[in-house]
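Residue numbers (the UniProt record's numbering): 1 to 523.
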């Protein structure tokens, strides 16, 4: 059809972060969840939604990965989903840990997709012991190949038939093939004879391959060791399998580009009692309200946070104060300070201040189950019905119009013999559908008072009282309601209607027709 059905998958250190729940094995061969211990229940993958029939997909999805400090690289693969057969790999973007850490604000921009070579898509580790005994003539290199783990699945069964090959100074030996496993246990000792004059710059190569009865064997990874290092410091333990070194290829943008933002945050998490002085300092203005407002830790924090960090600060503050049972007093404190600085009620809470961000984050943490209960039935119906809705005449697809015979000479003119009727019908039908959907949404919201979380109701009650105290005149009577609706609708319900996927209301993004309906509803 000339288009694709693209989605993205995330890999860390050449391993998929989590497994597909029943999906086929990824084409590059690898779907291991990075974790510790035995995995019996595999979590869902770090995988975006599929954007159907598009060469310019928009995902707008955000993930937080908790990684070990020793991770080396992050790779995002773009694939084309196929209903029949294996999904096609379009390309990838790889970022080393050094590249990400070098940008304090993170990597943000368009990055060209690179081609994917199966021989470079390796994963797993090999357990071995190497040594060159001092005794004996001729001298030998003793390679104890114990086992491997998390190897890439190269066979349709989701496993491999791995064997190891060691090479040094022109000599090569191989282990036995272990059938149908990604965790082979060889426990074999292979000895290679060494020539005294060749020890200087010699290198030992340990390769792992998947044996195939038909066709060529599939590469699973390799490691190499300078012989001089083996003699002085015999290697022993687990070693990461690496791809064959290749010169980087530039696709010249032919595969497309991926826009992404990646930021590395390194946190040292201490035992809880270390944080008590900080928590006490932050909560002090709420526990002991007699302090000068401008000198509290919260006031200073509000002054020094910039737009870039305000979302993170608000998120952490809400979590800290929820844990202390002080989330509502926190919001009251921050909104009261912003009210004191506001002279025009029409601009109240319209900026991305710490108070606005904190209320927004509070609603997402406390009110998400409530949001799902209120909006999910209507949102599901909109996705299932896929009705055509359009109010803009310039965007309408008028099925009953006919082109003028002079079209070839006058490409910008169009005669629609029943265009007005068709346009009127589309508009009438769209208004009817939008009114119906919107009526159901408003009815669900208005009828959900008892379902609304108590903390949200208490927080908004306090907000209304604060606005009434700040703007008591009759001409500002509606300000108390605008303040609440600005949060409840503009920052809670409307964004969820616009992009249900980001609020967990749907597993997939909307198709273009449904997306247009959701946009008009949100407006």
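The beta-carbon is built from N, C-alpha and C at its ideal position, and this holds for glycine as well.
In the DSSP assignment, residue 171 is bridged to 168. With 16 or more other Cβ atoms inside 10 Å of its own Cβ, residue 302 counts as buried.
Under the 8 Å Cβ criterion, the region 296-315 counts as touching the region 348-359, having at least three qualifying pairs.
Under the three-state reduction of DSSP output, residue 323 falls in the helix class.
For residue 517, the enclosing alpha helix (DSSP H) has its first and last residue at 512-522.
Secondary structure in the region 186-220: the beta strand (DSSP E) runs of 3 residues or longer, each lying completely within the stretch, are 203-210 in chain order. Annotated as distal: residue 128 and residue 219, with beta-carbon spacing of 8 Å or more. Selection 360, 422, 371 evaluated against residue 390 yields 422 as nearest (Cα-Cα). For residue 359, the uninterrupted alpha helix (DSSP H) run begins and ends at 354-385, by DSSP. Judged by pairs of C-beta atoms under 8 Å, the region 368-382 touches the region 505-521, as three or more such pairs exist.
Secondary structure in the region 436-520: the alpha helix (DSSP H) runs of 4 residues or longer, each lying completely within the stretch, are 454-470, 479-488, 494-498 in chain order.
Only residues of its own chain outside the window of five on either side were considered, and among them 284, 285 have a CB closer than 8 Å to the CB of residue 296, listed in chain order. Burial is judged here by how many other beta carbons sit within 10 angstroms of a residue's own beta carbon; residue 499 has at least 16 and is buried.
Residue state for residue 7 is assigned as strand, using DSSP reduced to three classes.
For residue 57, the closest alpha carbon among the candidates 13, 83, 6, 79 is that of 6. Counting along the chain, the unbroken beta strand (DSSP E) around residue 107 starts and ends at 107-112.
Taking 8 Å as the cut-off, the Cβ atoms of residue 112 and residue 96 do not count as close. 98 is the residue among 206, 156, 98, 263 whose C-alpha sits nearest the C-alpha of residue 70.
Judged by beta-carbon spacing, residue 345 lies within the 8 Å limit of residue 479, meaning their Cβ atoms are closer than that value. Within its own chain, the residues whose Cβ lies closer than 7 Å to the Cβ of residue 430, once the five positions on either side in sequence are excluded, are 389, 390, 391, listed in chain order. Nearest Cα to residue 81 within the set 64, 48, 105: 48.
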